[in-house]
Structures are given as C-alpha cells and as structure tokens.
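The opening residue of the sequence shown carries number 10 in my numbering; numbering runs sequentially from there.
Every residue, glycine too, gets a C-beta built ideally from N, C-alpha and C.
Remarks on the structure that follows.
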Amino acid sequence: MAELIYYCGTMDSGKSTLALQTAHNHQSRGRSGVIFTNKDRAGSGVISSRLGLSSPAIEVSPGLDLHRHVIDQLSAGDRIDYIICDEAQFYERVQIEQLAKIVDGLGIDVFAFGILTDFQTRLFPGSSRLIELADRVHALQVEALCWCGSRATHNARTKDGVMVVEGEQVVVGDVTTGAQIAYEVLCRRHHMRHVTARASRAGHTSSQPLPFKE
Numbered sequence: 010m011a012e013l014i015y016y017c018g019t020m021d022s023g024k025s026t027l028a029l030q031t032a033h034n035h036q037s038r039g040r041s042g043v044i045f046t047n048k049d050r051a052g053s054g055v056i057s058s059r060l061g062l063s064s065p066a067i068e069v070s071p072g073l074d075l076h077r078h079v080i081d082q083l084s085a086g087d088r089i090d091y092i093i094c095d096e097a098q099f100y101e102r103v104q105i106e107q108l109a110k111i112v113d114g115l116g117i118d119v120f121a122f123g124i125l126t127d128f129q130t131r132l133f134p135g136s137s138r139l140i141e142l143a144d145r146v147h148a149l150q151v152e153a154l155c156w157c158g159s160r161a162t163h164n165a166r167t168k169d170g171v172m173v174v175e176g177e178q179v180v181v182g183d184v185t186t187g188a189q190i191a192y193e194v195l196c197r198r199h200h201m202r203h204v205t206a207r208a209s210r211a212g213h214t215s216s217q218p219l220p221f222k223e
C-alpha cells in the first residue's frame, strides 16, 4: 500500500540531499515522479542541497491544490509513481491533507522532507499536520552538530551573529557565516541560553537563566 512518510530534522541535517537521493533512486529504476518544494534557498522552482546537487521542482505556492495538480497530470497521460515534497514544513495544513488524499485515493507514495520546529522551537504548521497524518515519521540519521560538538536539536535565527527570538515565523535564510540574517543549529542547552558560535568565541553568554536548576 502507498504511504505518506515524513523525514524530518534540524537545518543542516541533509534533508534536501536525502530528497534528491530518493528521487534519483526511483528515477534510476525507471519510475516517474513529481518533485515539489517551497522557499528553497536557491530560489523558486528548484530543490538544492548544500553538497551542490539540485533539481527542477514545482513551487508550492499558497493555495495550490496538490491533489488537483496530480489529478490533472494523470488526466493528461503522465505517469506518477511517487511524489517528493521538500521543505514540507512550509506547506499549508490543507496541502498536507491533500498529500494524504493522494496516498489514500490514488495509491501514490509521498516522501516528505522538512524541519520540525522554527527558531522559537515551535512546530511549523506543515510539520505539525504531517506528524498527525503520516504513516511513518523518521528522524534524519545525519546529526547536525552544535558549535560545542553536541548533537544539534534546535534551529536558531541570528542577526549579525546574535541570536534573535522574535519575528516572523518564516524568513528564508541559510546556515551561513557572515550573513546579516542567517540560521545556526544549536543544542538545547545553548539555544535556551542564546549562545551562538560567535557569542562563544567572544566569551559572551546570556544572562537569561535556564528554567531549571543545573
């Protein structure tokens, strides 16, 4: 039976690389599929990996009916054996429901890839609905690392290297250095203390206490 599978992790955990590898594995076996993405770092209509891999993709804009899009392609005679959905955390909740409808009604496997939580440690709407509906949820096996060497579990937004905790949920950026607005993956301890790599090098720590005793 077809399944809706969600592969999730922090930024820098290789989700887009795995999405591209999954598509390649299916294509190498003569299978045909559709690749969706949303707000990729490389721009609209492309899925890209930090390893330098990329592929054309269909941009999931607000209001796009994914189920109708697939039905239209099938009606036009296209063959669809699988669907890849990268940056699934940015999809609308109703679009996740449309993916489940594709799986159950059309018998097509859907492989979704995304980030669980935002820079404020809150679930993205798309990720929340995927957890609720997916047949299987898998944590990505490539573990991103905090600057301290511990496993990174949280995404931090930074401005000029300083962690920020307020703002819009979705601001497209990348895990880079030198950018005004960027992202950094941290372990829970340093995320809660707002200690980024730059702050660590400067010897600065947040005065905000942890909500529990050490």
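Bridge partners for residue i per DSSP, in chain order?
i	result
Tyr16	Phe122, His147
Leu132	Thr126
Asn164	Val194
Ser57	Ser63
Leu154	Arg160
Thr26	Looking at the DSSP assignment, Thr26 forms no beta bridge with any residue, so it has no partner.
Ser46	The sequence shown places Thr at residue 46, rather than the Ser named in the question. Answer by DSSP bridge pairing, in chain order: Glu68.
Tyr91	Gly42, Asp118
Met172	Thr167
If contacts are defined as beta-carbon pairs under 8 Å, then residue i and residue j qualify, I think. What distance do you get, rounded to the angstrom?
i	j	result
Gly135	Cys17	Contact flag wrong, Cβ pair sits at about 10 Å.
Ala32	Ile93	5 Å
Pro65	Glu101	The pair is not a contact, with the Cβ atoms about 22 Å apart (cut-off 8 Å).
Leu29	Ile67	Going by Cβ atoms, the distance from Leu29 to Ile67 rounds to 15 Å, so no, they are not a contact pair.
Val194	Met20	5 Å
Phe133	Gln189	With a Cβ gap of about 23 Å, Phe133 and Gln189 do not count as contacting.
Phe45	Tyr91	Not confirmed; about 12 Å, so no contact.
Arg197	Thr167	Rounded, the Cβ-Cβ distance is 17 Å, inconsistent with contact.
Gly23	Val151	4 Å
Should residue i be labelled buried (16 or more other beta-carbon atoms within 10 Å of its own) or exposed?
i	result
Cys157	exposed
Asn164	buried
Asp118	buried
Arg131	exposed
Asn34	exposed
Ser84	exposed
Val43	buried
Leu139	buried
Asp81	exposed
Gly86	exposed
Val69	buried
Leu60	exposed
Gln178	exposed
| Touch check for the stretch 34-42 and the stretch 158-174: three-plus C-beta pairs under 8 Å? | no
| the stretch 109-126 in contact with the stretch 75-94 per 3-pair CB rule at 8 Å | Output reads yes: the stretch 75-94 touches the stretch 109-126.
| At a cut of 8 Å, does the stretch 193-210 reach the stretch 143-157 through at least three beta carbon pairs? | yes
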